[in-house]
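In my numbering, the protein residues as written are 35 to 615.
We put the beta carbon where it would ideally sit given N, CA and C, even for glycine.
Small disclaimer: the values here were computed from a predicted structure and weren't measured.
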């Protein structure tokens with residue numbers, strides 16, 4: 035996940051963990067009749083479930099790192115590696131001991147949870163550019179097996195790093211934006227009075243300001259480098275997938291949001307702040323050494339104001355395993371925060387914006403974003419409909435503050451805000467209606483509402499096994515033309531849960547009696563070729579097992595889709611529910 039994919043404020047506020055909105059979902063209990071069973075959101079895309087990165091590369095070896103999310107594991111025997119150009123010699127992969135796992139279908143296997151480092155011996159004395167092909171396969175404890183996956187890593191003459199210049203530019207702009215928060219901007223004239231003591235020339239003022247800003251940015255850079263170096267080994271992404279961690283973090287962001295709204299003032303404890311202020315007052319202003327020392331202290335003094343955004347960025351860096359990139363990104367953040375002081379010190383203080391009511395808008399905007407992050411975290415542990423209701427509540431609250439329900443004379447600027455508020459109010463109402471109907475997608479609050487009823491009756495045919503998209507399309511068309519509902523079961527020989535479902539669900543007499551009248555299609559994705567994987571993408575599936583139910587008119591009953599394992603009683607109830615449509 036690149037920082038370029040996120041809006042600037044969300045870059046600092048959101049956790050960079052797996053770019054999936056359902057990263058922290060827990061396995062649901064058996065759903066009661068009438069509750070949706072479309073549990074696709076319980077699973078991560080394969081590239082987020084298993085994050086692959088390049089740790090190091092030299093003439094003798096390449097070191098790779100996999101970070102498996104909580105509840106996901108990789109098979110030792112499914113790794114394979116190759117290199118281009120072919121004349122480069124790649125040795126046997128050096129893998130640590132894994133965790134023993136036994137299942138009744140595949141026997142004894144060895145798997146890896148959490149962080150896995152793999153060293154690949156390589157004979158590349160001239161350090162020529164190369165293309166490394168990495169094959170792997172993994173599963174989720176909840177009962178989903180991903181198809182075999184292949185990734186390619188380009189290794190050139192320059193060390194590979196996860197950062198880009200766009201990432202650094204966004205980090206710089208984010209730091210610049212943080213400067214204009216109510217607890218940081220007022221410090222500029224105070225700091226300039228200390229750093230620029232004696233009214234030096236513009237050139238001298240520029241040098242002193244730079245001497246102040248660079249050490250401050252360096253402190254953040256050291257923190258970013260340490261998080262990039264050790265963060266992945268701590269596997270913070272996996273640690274933050276428990277409700278016991280998620281809920282406190284969501285509360286943490288909500289508290290910071292209240293501080294942004296002015297409910298209370300956020301600052302260091304008095305005994306710490308007084309000691310830092312006393313230390314700063316003892317330092318000589320107007321000297322390069324004094325300015326540098328104040329820069330280091332300032333990184334501590336202003337920390338409470340940026341703790342929440344800084345935490346989000348540090349958590350993102352921890353998932354990259356990139357010490358250089360992490361250090362550079364936080365260095366850019368520090369430079370952005372210090373740029374206004376450099377402008378001030380160089381004689382451009384008159385150009386800086388003055389504190390005023392506009393800062394309240396900036397503060398409130400940060401508060402809304404922090405609340406959004408809090409809801410985003412809570413939706414991992416709350417029912418989908420309740421999470422959607424919270425999104426609607428947040429949108430409705432912003433709409434009210436923008437004046438959506440106010441009437442009377444208004445300025446042009448206020449009218450624009452009111453228009454935006456009305457749009458948010460419409461979304462809030464849609465979210466609440468969708469939540470009451472059992473919807474859960476905040477991007478499509480009304481998208482899961484289904485219509486149509488009527489029982490379907492016809493004799494059930496035998497299972498038909500298909501393996502190509504053309505065969506499946508033909509079967510779907512035939513069922514639609516015949517007005518027959520269709521059950522599509524995604525299967526693979528290497529899918530343990532598929533065999534469990536085949537035996538315990540489809541082999542169950544209660545389920546079998548309800549399959550009368552359904553056309554039964556089993557799509558075999560064992561080969562996992564390009565066409566089959568494209569078909570998975572078409573239906574937005576990660577892999578088997580998955581069960582799709584298509585009504586007699588050919589439309590899928592999305593709210594009845596099953597991904598992962600399901601018990602016979604629950605699935606039988608779903609078939610009853612489908613039969614009423």
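Secondary structure at residue 515, three-state DSSP: helix, strand or coil?
helix
Proximity of residue 293 and residue 408 at Cβ, strictly below 8 Å:
no
Figure out for me which residue from 561, 93, 104 has the closest Cα to the Cα of residue 85.
104
Flag this pair as yes or no: are the beta carbons of residue 152 and residue 243 separated by less than 8 Å?
The Cβ atoms of residue 152 and residue 243 lie no closer than 8 Å to each other.
Closest to residue 505 by CA distance: which of 362, 566, 435, 605 is it?
Of the candidates 362, 566, 435, 605, the one whose C-alpha sits nearest the C-alpha of residue 505 is 566.
Pick out whichever of 181, 187, 395 has its Cα sitting closest to the Cα of residue 168.
187
Please say whether residue 403 and residue 261 have beta carbons closer to each other than 8 Å?
no
With 8 Å as the threshold, decide whether the Cβ of residue 557 is near any Cβ in chain C.
The structure shown contains no chain C; it holds only a single protein chain.
What does the alpha-carbon distance come out to for the pair residue 63 and residue 173?
With a pLDDT of 36 at residue 63, under the threshold of 50, the modelled position of that residue is not reliable, and no figure is offered here.
Please name the residue in 79, 145, 155 whose C-alpha comes closest to that of residue 90.
155
From this set, 442, 436, 469, 465, which residue's C-alpha is nearest residue 454's C-alpha?
436
Measuring only the C-alpha atoms, how far is residue 463 from residue 419?
Cα to Cα, the separation comes out at about 13 Å.
Got a sec, what are the start and stop residues for the alpha helix (DSSP H) residue 447 sits in?
446-470
If I'm right that residue 476 touches residue 416 with Cβ under 8 Å, what's the distance once you round it to whole angstroms?
The beta carbons of residue 476 and residue 416 sit about 12 Å from each other, so the pair does not count as a contact at 8 Å.
Going straight from the alpha carbon of residue 522 to that of residue 534, what length do you get?
16 Å
Leaving out the 5 sequence neighbours to the left and right, which residues in its chain are closer than 6 Å to residue 429 when beta-carbon positions are compared?
458, 461, 462
Helix, strand or coil at residue 124 according to DSSP, with G and I counted as helix
strand
Beta-carbon within less than 6 Å of residue 412's beta-carbon, same chain only, minus the 5 sequence neighbours each way: which residues are those?
284, listed in sequence order.
How many angstroms separate the CA atom of residue 255 from the CA atom of residue 249?
9 Å
When you compare the segment 159-168 with the segment 561-581, are there three or more beta-carbon pairs, one atom per stretch, that lie closer than 8 Å?
As far as the Cβ criterion goes, the segment 159-168 does not touch the segment 561-581, which means the pair count is below three.
Can you check the segment 356-440 for any alpha helix (DSSP H) of at least 4 residues that lies completely inside it and give the ranges in chain order?
Listed in chain order, the complete alpha helix (DSSP H) runs (minimum 4 residues) inside the segment 356-440 are 357-377, 392-412, 418-435.
Should residue 142 and residue 134 be called a contact, given that it needs their Cβ atoms to be closer than 8 Å?
Cβ distance < 8 Å, so residue 142 and residue 134 count as in contact.
Inter-residue CB distance, residue 579 and residue 502 (contact presumed, cutoff 8 Å):
19 Å between Cβ atoms; not a contact.
What do you reckon, are the CB atoms on residue 259 and residue 360 nearer than 8 Å?
yes
Can you tell which of 397, 108, 100, 570 has its C-alpha closest to the C-alpha of residue 175?
108
Mapping DSSP to helix, strand and coil, what is residue 529?
coil
Could you tell me which uninterrupted beta strand (DSSP E) segments, each at least 3 residues in length, are contained entirely in the segment 149-212, listed from first to last along the chain?
149-157, 164-170, 172-174, 183-189
Residue 561 - DSSP class collapsed to helix/strand/coil:
coil
Where do the ends of the alpha helix (DSSP H) carrying residue 547 lie?
543-548
Determine the direct distance from the alpha carbon of residue 434 to that of residue 601, and round the result to whole angstroms.
45 Å
Quick check: what's the CA-CA separation for residue 559 versus residue 571?
13 Å
Look at the Cβ atom of residue 468, then the Cβ atom of residue 209, and state whether they are nearer than 8 Å.
no
Coarse secondary structure for residue 283, derived from DSSP in three states
DSSP places residue 283 within a helical segment (H, G or I) once states are collapsed to three.
Report the partner residues of residue 85 according to the DSSP bridge assignment.
101
Report buried or exposed for residue 605, applying the criterion of at least 16 other Cβ atoms within 10 angstroms of its Cβ.
Buried, because 16 or more other Cβ atoms sit within 10 Å of the Cβ of residue 605.
Output the distance between the C-alpha atoms of residue 116 and residue 125, rounded to the nearest integer angstrom.
10 Å
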